[in-house]
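Notes follow once the structure below has been shown.
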């Protein structure tokens, strides 16, 4: 664990309110974006990332410092998102997720871009949650396999296999979009 | 190495995750093999599409509200009234509370035990009276036994006395 993380954890354990503010400000964007890309819903992303901070704060006693603070926060967020997606999939199987479409007039290329983003988001959301999290942590958060393995609480080999399968599925599903692009 | 083997390493190649030697070998193959080159291009485009997946950039006011909500959720609960607070302390620390309770009980009990004027515990029942009667009979018997012993002693005394008197006579 980094020295800055260690100091922050120590302050948090002493109940320092400003340390909690620092923790939130430092990681809020990363956790919110990860949750948003997994759920494709801003409201869910806000709730899930806030819940991750609360769980981290309340579970400080369980944080042994073997992983970094960011790895620990990502792990809590990923677990919350995976559990949320599983619940959502079992409750509204077959329904198309709400994407909060903005129907205001926009230039043609922007509309095309939105369609492409929508199709990519749709394809990613169809991946199994473990593969989805692995792909997003690798591509968007640029994390090494070793750290993703710590977040996913699995081996580096499993992470590599998940990533490989995720990309292979997307490659097949997005073939039409690549040809258009 | 066959194309299939090279293709299994393409993702690592695109990610820059191969060793320098493996990277150079695959790169050399790609210059010679249009099929593998096409595959590499498809992978790069797929990853680029994923990388362009948008996420909202909320304004600063959103983050202020976000933090305010979190602060409220982690804030300590409001103070309980005095009795509730006391009960909450007891339930939160059951072992020390139990120890104090036992100590208090023992202190009261021992004080009561050592008091000369302690109140009767219960009224005497017929069974208790009967037991006491038996005890009193036993006492009478014991007294008689003592008396018998005394009589025996007296008899012995007489014998001793006679021996004492007779003793000097024999000597003379």
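Chains as they are written, first to last, in the numbering used here: chain A, 17 to 197; chain B, 183 to 354.
C-beta atoms are modelled at their ideal positions from N, C-alpha and C, and glycine is treated no differently.
As the structure is a prediction and not an experimental result, all values here were calculated from the model.
Can you list, in chain order, the residues of its chain whose CB lies under 8 Å from that of residue i, leaving out five sequence neighbours each side?
i, result
"residue 344 of chain B", "none"
"residue 120 of chain A", "Confidence in residue 120 of chain A is poor, its pLDDT being 48 and thus under 50, which makes the residue's placement unreliable; the coordinate value appears in the next sentence. Here the set comprises nothing."
"residue 254 of chain B", "none"
"residue 183 of chain A", "151"
"residue 135 of chain A", "190, 193"
Residue i versus chain B: which residues are under 8 Å apart at the beta carbon?
i, result
"residue 53 of chain A", "235, 237"
"residue 24 of chain A", "Within 8 Å Cβ-Cβ: nothing; residue 24 of chain A doesn't reach chain B, min ~15 Å."
"residue 49 of chain A", "237"
"residue 79 of chain A", "Under the 8 Å cutoff, chain B gives no residues; its nearest Cβ is about 16 Å from residue 79 of chain A."
Could you give the C-beta distance for residue i and residue j, rounded to a whole number, given that I count them as a contact under 8 Å?
i, j, result
"residue 192 of chain B", "residue 190 of chain A", "About 16 Å separates the two Cβ atoms, so there is no contact after all."
"residue 228 of chain B", "residue 130 of chain A", "Their Cβ separation, rounded to whole angstroms, is 19 Å, which puts residue 228 of chain B and residue 130 of chain A out of contact at 8 Å."
"residue 252 of chain B", "residue 70 of chain A", "7 Å"
"residue 156 of chain A", "residue 233 of chain B", "7 Å"
"residue 221 of chain B", "residue 189 of chain B", "6 Å"
"residue 161 of chain A", "residue 172 of chain A", "5 Å"
"residue 100 of chain A", "residue 150 of chain A", "So it is not a contact: roughly 17 Å between Cβ atoms."
"residue 49 of chain A", "residue 224 of chain B", "26 Å between Cβ atoms; not a contact."
"residue 152 of chain A", "residue 185 of chain A", "In fact, because the Cβ distance is near 14 Å, the residues do not count as touching under 8 Å."
"residue 177 of chain A", "residue 164 of chain A", "Going by Cβ atoms, the distance from residue 177 of chain A to residue 164 of chain A rounds to 12 Å, so no, they are not a contact pair."
"residue 166 of chain A", "residue 83 of chain A", "5 Å"
"residue 15 of chain A", "residue 77 of chain A", "Beyond the ends of chain A as shown, which are 17 and 197, falls residue 15 of chain A; an answer cannot be given."
"residue 256 of chain B", "residue 226 of chain B", "Going by Cβ atoms, the distance from residue 256 of chain B to residue 226 of chain B rounds to 44 Å, so no, they are not a contact pair."
Which chain C residues are close to residue i, counting only those with a beta carbon under 7 Å from its beta carbon?
i, result
"residue 251 of chain B", "The displayed structure is made up of protein chains A and B, and chain C is not among them."
Can you name, in chain order, every residue of its own chain whose Cβ lies under 7 Å from the Cβ of residue i, other than the five neighbours on each side?
i, result
"residue 181 of chain A", "147"
"residue 47 of chain A", "65, 68, 89, 93"
"residue 36 of chain A", "28, 73"
"residue 52 of chain A", "58, 61"
"residue 215 of chain B", "185"
"residue 217 of chain B", "185"
"residue 212 of chain B", "218, 219, 222"
"residue 117 of chain A", "Residue placement at residue 117 of chain A is flagged as unreliable, the pLDDT there being 43, under the threshold of 50; a coordinate-derived value is accordingly withheld."
So which residues on chain A does residue i lean against when the C-beta distance must stay under 9 Å?
i, result
"residue 231 of chain B", "132, 133, 135, 136, 139, 186, 190, 193, 194, 197"
"residue 200 of chain B", "By Cβ distance, chain A contributes nothing, its closest Cβ being about 13 Å from residue 200 of chain B, past 9 Å."
"residue 213 of chain B", "Simply none; closest approach about 22 Å."
Spatial neighbours of residue i within its chain, please: CB distance less than 6 Å, with the 5 preceding and 5 following residues excluded, ordered by chain position.
i, result
"residue 200 of chain B", "194"
"residue 154 of chain A", "179"
"residue 354 of chain B", "Its pLDDT being 42, under 50, residue 354 of chain B is placed unreliably in this model, and the value from its coordinates should be taken loosely. None."
"residue 34 of chain A", "none"
"residue 40 of chain A", "69"
"residue 137 of chain A", "56"
"residue 284 of chain B", "none"
"residue 98 of chain A", "145"
Using a Cβ cut-off of 7 Å, pull out every chain A residue sitting near residue i, in sequence order please.
i, result
"residue 294 of chain B", "Chain A residues near residue 294 of chain B: none, gap ~45 Å exceeds 7 Å."
"residue 193 of chain B", "180, 183"
Using a Cβ cut-off of 9 Å, pull out every chain B residue sitting near residue i, in sequence order please.
i, result
"residue 156 of chain A", "232, 233, 235, 237"
"residue 70 of chain A", "252, 255, 256"
"residue 20 of chain A", "None at all; the shortest Cβ gap to chain B is about 20 Å."
Mind pulling the chain B residues with CB within less than 7 Å of residue i?
i, result
"residue 44 of chain A", "245, 248"
"residue 37 of chain A", "249"
"residue 175 of chain A", "In chain order: nothing, as chain B lies at least about 12 Å away."
"residue 73 of chain A", "256"
"residue 40 of chain A", "249, 252"
"residue 58 of chain A", "238"
"residue 89 of chain A", "None at all; the shortest Cβ gap to chain B is about 13 Å."
For the structure I just gave you, are there three or more beta carbon pairs, one from the stretch 203 to 215 of chain B and one from the stretch 19 to 29 of chain A, closer than 8 Å? no
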